[in-house]
Amino acid sequence: MKKVMSSSILILATAALSAQTIQGTSHDFSQYTPSGEICVVCHTPHNANTDVPNSPLWNHQVTSQTFTPYSTTSLDAEVGQPSGVSKLCLSCHDGATAVDNYGGTTTGTWLITGREAIGTDLRNDHPVSFVYDQALAAADGELKDPTSAVTALGGTIQTDLLSEGSTVECTSCHDVHNGYSYNPEFLKITMNGSALCLTCHDK
Ligand code: HEC
Ligand code: HEC
Ligand code: HEC
Ligand code: HEC
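Residue numbers in the sequence shown follow the numbering used here, run continuously in steps of one, and reach 185 at the last position.
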């Protein structure tokens, strides 16, 4: 009996090390919602907002800002307005859409400021919302093949880091629910030795 107990405690401890949670992070809004809910600021089981295709039961106001995309002469990718899941992130991190505008409310006043406000000028941020495929890797010459290069998470770049297996988004580097161990930035892969960057860039 004792042996069984100690081995199950060991399994629990190991699981706790790898699986982090949203609780207690800056995405845990339970102390700000009337009912102490965490998820409601971003999700609802019914009457969700479907303005952004493929949104996960979205309950937050969607940003209406026009963004200035990242652009350099060396960039090979076609980068336009943020779309998909990046648009959901920017629905708070644009610094212009109130965090407390959810569930149909549009009178919120909590705007993100400082470093956490990515803003509407994305020229100083890693590009997002563009297709990263074998053709882009070949055109660039210093990008790994997303269909075959492996990541620290166990799959390929395409399966682990690309949204819908196709595009680079905020979620290529961050997990909004803090599922990995690299607090406090919700990173999916550690920045130690720039491991995150070297997952895709062949430098
Ligand atoms: C700050 C906003 C935010 C909060 C709070 C939040 N989520 Fe999410 N959630 C998202 C975003 C953005 C996505 C899309 C992520 C992606 O495509 O990688 C998502 C995706 C999901 C998905 C579908 C994809 C997946 O990861 O399984 C589920 C299920 C989900 N969330 C459940 C929850 C639950 C349950 C809670 C509360 C405990 C919660 N979320 C809290 C923003 C949030
Ligand atoms: C409902 C609003 C909301 C949405 C949607 C949202 N965030 Fe946040 N996020 C916040 C707030 C509020 C903070 C804390 C800001 C502060 O400290 O001023 C934060 C903090 C962060 C931080 C910093 C972590 C830390 O601990 O300081 C990162 C990284 C982040 N968010 C990434 C994302 C990404 C990526 C998405 C989309 C997948 C996203 N967020 C969607 C509200 C949001
Ligand atoms: C290529 C990887 C990558 C992408 C894509 C990315 N981030 Fe980050 N982000 C990081 C890293 C790494 C940090 C940690 C801070 C640092 O090293 O500058 C960070 C930090 C942050 C922070 C904390 C503030 C700060 O500057 O430290 C926020 C908020 C954030 N990211 C939101 C976003 C949002 C929103 C998107 C999409 C528009 C996004 N990130 C796209 C890698 C990325
Ligand atoms: C999910 C894969 C992925 C990750 C992770 C990633 N990048 Fe990128 N990055 C790309 C792709 C794809 C491009 C587009 C390259 C192009 O089209 O020229 C890009 C573009 C860039 C550019 C702009 C190049 C230019 O010509 O203007 C820089 C700089 C850069 N990344 C640095 C970083 C750094 C630093 C990190 C780590 C914090 C990082 N990247 C993480 C995939 C990634």
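Ideal Cβ positions, reconstructed from N, Cα and C, are used throughout, including at glycine. Being a predicted model, the structure only gives us computed values, none of them experimental.
Asked: Ligand 4 heavy atom lying under 7 Å from the CB of P109; Found: yes
Asked: Touching by the beta-carbon criterion (3+ pairs, under 8 Å), the stretch 124 to 138 and the stretch 86 to 96; Found: no
Asked: CB contact flag (V50, D107, <8 Å); Found: Correcting the residue type first, residue 50 is Thr in the shown sequence and not Val. Cβ distance not < 8 Å, so T50 and D107 don't count as in contact.
Asked: Beta-carbon separation (whole angstroms), T133 vs T181, contact threshold 8 Å; Found: 5 Å
Asked: Selected residue, minimal CA-CA separation from S46, among G77, T153, S148; Found: G77
Asked: Option nearest C21 by Cα separation, candidates C155, V81, P35; Found: V81
Asked: Contact test: I139 Cβ vs ligand 4 heavy atom, cutoff 7 Å; Found: yes
Asked: Close beta carbons around G62, own chain, < 8 Å, minus the five adjacent residues each side; Found: P51, S111, F112
Asked: K185 burial status per 10 Å Cβ neighbour count (16 or more: buried); Found: exposed
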